[in-house]
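**Student:** Pasting in a structure now, in structure tokens, and then I'll have a few things to ask.
Protein chains: 2
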Amino acid sequence: MPPHEHPAAADSARELIAAHGGRVTRTRVAVIEALQRSAHPLSHDEIGATLDGAGIGHDRVTLYRALDWLVEQGIAQRIAGGERAWRFEIRRDGDHRHAHFHCERCGQIVCLEDVPAAAPTLPAGFAVARAELVLHGACADCGRAGVEGKEG
Amino acid sequence: MPPHEHPAAADSARELIAAHGGRVTRTRVAVIEALQRSAHPLSHDEIGATLDGAGIGHDRVTLYRALDWLVEQGIAQRIAGGERAWRFEIRRDGDHRHAHFHCERCGQIVCLEDVPAAAPTLPAGFAVARAELVLHGACADCGRAGVEGKEG
DNA sequence: AATCTAATGCTACAATGTTGCATCAAAAGC
DNA sequence: GCTTTTGATGCAACATTGTAGCATTAGATT
Ligand SMILES: [Mn+2]
Ligand SMILES: [Mn+2]
Ligand SMILES: [Zn+2]
Ligand SMILES: [Zn+2]
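Protein sequence lines, in the order shown, are assigned to chains A and B. If you use the working numbering, the first sequence corresponds to residues 19 to 170, in order. If you use the working numbering, the second sequence corresponds to residues 19 to 170, in order.
Below, the structure is given as structure tokens:
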């Protein structure tokens with residue numbers, strides 16, 4: 019890649035990693051870019067598939083550790099979602115924690131950017147670090163096709 | 019047990035099961051009573067330990083299935099919580115779905131009965147079946163002892 | 001008591017995530 | 001550019017949480 023290039027997505031990921039004092043590896047770069055490209059939080063498996071697509075060797079453990087590191091550094095955040103697997107999304111700049119919607123039909127998690135996950139007032143003594151608000155139901159796509167259950 | 023006894027907790031559980039057309043088994047009765055006694059949602063393992071204590075043979079699978087059945091029947095409900103295991107709590111009468119607090123220090127889940135888990139207005143097409151609101155942080159007990167991390 | 005079948009107990013398996021350790025390679029030093 | 005350092009990886013083995021199939025048991029009904 020020649021110089022005189024305006025900072026592309028690839029560079030952003032590299033810089034992001036370096037800025038946090040980590041080593042810039044193919045895996046980390048690819049994971050960050052996958053998260054940046056995605057409109058919704060990705061599961062470990064989905065990210066793994068992306069790495070496959072990019073021809074990047076991916077050991078399960080390495081991927082878990084890469085994701086752990088991104089979360090530790092505050093570059094990404096973990097979403098509990100409805101199923102048993104974590105999902106991950108990149109942390110944007112003016113980041114206010116938002117709610118998520120879990121579709122019980124297609125299994126997808128949708129970011130509800132406009133719905134804040136705000137912590138209400140709690141009994142004395144409780145210190146809230148973060149709030150997670152997850153709505154479960156049928157997403158717009160799934161609701162449209164077949165209200166009577168039929169298919170998925 | 020003699021007659022002329024006012025309906026105790028044990029009977030309630032039996033009646034609850036029968037009312038839903040299920041067979042009254044030791045496992046189901048013990049599980050319901052454990053949930054009824056507990057002030058906070060219980061994990062599968064915690065319930066299993068209770069059964070042990072009551073000298074009731076408990077196969078992992080049976081317990082999972084008993085809990086599934088209770089949830090299907092609307093007798094109990096599942097809480098996602100912060101960790102990877104489901105937790106279960108009994109469904110009370112005038113039951114409004116409430117928020118939960120997950121203490122990241124002691125791992126406990128606390129019911130916030132007074133904090134409703136209300137679903138906000140969503141984009142058109144989304145059908146919300148239920149809302150889950152989980153606050154993460156340090157509970158009153160854990161916050162009190164040692165703000166500086168030290169121990170748990 | 002005999003019958004019917006829902007629930008159980010077992011085994012085997014799947015999915016998700018973790019630990020330990022040898023090896024590799026990114027970044028720094030020369 | 002070559003060497004050194006150590007963070008990151010890859011592999012094997014394991015832990016936890018949850019499911020599926022199927023023979024057996026026991027709760028309810030007659
Ligand atoms: Mn999101
Ligand atoms: Mn509760
Ligand atoms: Zn959907
Ligand atoms: Zn606590």
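Just so you know, even glycine gets a beta-carbon here, dropped at the ideal spot from N, CA and C. Predicted model only: the values in this text are computed from it and were never measured.
On the criterion of 16 or more Cβ atoms from any shown chain inside 10 Å, does Val42(B) qualify as buried, or is it exposed?
**Tutor:** Sequence index remark: in the second sequence, residue 42(B) carries index 24 (1-based). Taking all protein chains shown into account, Val42(B) has fewer than 16 neighbouring C-beta atoms within 10 Å of its C-beta and is therefore exposed.
**Student:** Within 10 angstroms of its Cβ, does Pro59(B) collect 16 or more other Cβ (buried), or is it exposed?
**Tutor:** Working through the second sequence from its first residue, we reach residue 59(B) at position 41. By the neighbour-count rule (16 or more Cβ atoms within 10 Å), Pro59(B) is buried.
**Student:** Would DSSP call Gly155(B) helix, strand or coil?
**Tutor:** The sequence position of residue 155(B) within the second sequence is 137, counting from 1. Gly155(B) falls in the strand class under three-state DSSP.
**Student:** Suppose contacts are defined by Cβ-Cβ distances below 8 Å. Is His116(A) in contact with Gly99(A) by that definition?
**Tutor:** Locating residue 116(A) in the first sequence gives position 98, where the first residue counts as 1. Locating residue 99(A) in the first sequence gives position 81, where the first residue counts as 1. Going by C-beta atoms, His116(A) is not nearer than 8 Å to Gly99(A).
**Student:** Going by DSSP, what residues sit across from Ser56(B) in a beta bridge?
**Tutor:** Walking along the second sequence from the start, residue 56(B) turns up at place 38. In DSSP, Ser56(B) forms no bridge with anything.
**Student:** Could you pull the start and end residues of the beta strand (DSSP E) that Asp86(A) belongs to?
**Tutor:** Taking the first sequence and counting its residues from 1, the one referred to as residue 86(A) is at position 68. Segment Arg78 to Glu90 is the alpha helix (DSSP H) holding Asp86(A); no beta strand (DSSP E) there.
**Student:** Mark Glu33(A) as exposed unless 16 or more other C-beta atoms lie within 10 angstroms of its C-beta, in which case mark it buried.
**Tutor:** Within the first sequence, numbered from 1, the residue matching residue 33(A) stands at position 15. With fewer than 16 Cβ atoms within 10 Å of its Cβ, Glu33(A) is classed as exposed.
**Student:** When you check each C-beta in the stretch 39-72 of chain A against every C-beta of chain B, which residues fall closer than 9 Å?
**Tutor:** none
**Student:** Report yes if the C-beta of His114(B) is less than 7 Å from at least one heavy atom of ligand 1; otherwise report no.
**Tutor:** If you number the second sequence from 1, residue 114(B) lands on position 96. No, the beta carbon of His114(B) sits no closer than 7 Å to any heavy atom of ligand 1.
**Student:** What are the partner residues of Cys121(A), as DSSP defines its beta bridges?
**Tutor:** Indexing the first sequence from 1 puts residue 121(A) at position 103. As DSSP reads the structure, Cys121(A) sits in a beta bridge with Gly155(A).
**Student:** Assuming Ile108(B) and Leu53(B) are in contact, meaning their beta carbons sit under 8 Å apart, how far apart are those beta carbons, in whole angstroms?
**Tutor:** Indexing the second sequence from 1 puts residue 108(B) at position 90. Indexing the second sequence from 1 puts residue 53(B) at position 35. At roughly 4 Å, the Cβ-Cβ gap stays under 8 Å, so Ile108(B) and Leu53(B) are in contact.
**Student:** Here's a check: name, in chain order, each residue in its chain whose Cβ is nearer than 7 Å to the Cβ of Leu140(B), leaving out the five neighbours to either side.
**Tutor:** Along the second sequence, read from residue 1 onward, the residue named residue 140(B) stands at position 122. The answer, listed in chain order, is Val146.
**Student:** With DSSP run on the structure shown, which of helix, strand or coil describes Pro20(A)?
**Tutor:** Working through the first sequence from its first residue, we reach residue 20(A) at position 2. Caution applies to Pro20(A), whose pLDDT of 42 falls short of 50 and renders its modelled position unreliable; the model cannot decide the point.
**Student:** Which residues, in chain order, sit with a beta-carbon under 5 Å away from any heavy atom of ligand 2?
**Tutor:** Glu107(B) and Cys129(B)
**Student:** Any residue with its Cβ nearer than 5 Å to a heavy atom of ligand 4 should be included. What is that list in chain order?
**Tutor:** Cys121(B), Arg123(B), Cys124(B), Cys157(B) and Cys160(B)
**Student:** Whose C-beta lies closer than 6 Å to the C-beta of Ala31(B) among residues of the same chain, with five residues either side of it excluded?
**Tutor:** To locate residue 31(B), count along the second sequence from 1; it is residue 13. Answer for Ala31(B): Val47, Ile50 and Glu51, listed in chain order.
**Student:** Do you know how far the Cα of Ala135(A) is from the Cα of Ala136(B)?
**Tutor:** Translated into positions along the second sequence, residue 136(B) becomes position 118. Translated into positions along the first sequence, residue 135(A) becomes position 117. Going by the C-alpha atoms only, they are around 11 Å apart.
**Student:** Would you say Ala156(A) and Leu151(B) are within 8 Å of each other, going by their C-beta atoms?
**Tutor:** One-based indexing of the first sequence puts residue 156(A) at position 138. One-based indexing of the second sequence puts residue 151(B) at position 133. In this structure, Ala156(A) keeps its C-beta atom at 8 Å or more from the C-beta atom of Leu151(B).
**Student:** What does Cys124(A) touch in chain B if you count any residue whose Cβ is under 7 Å from its own?
**Tutor:** Position 106 of the first sequence, counted from the first residue, corresponds to residue 124(A). Under the 7 Å cutoff, chain B gives no residues; its nearest Cβ is about 13 Å from Cys124(A).
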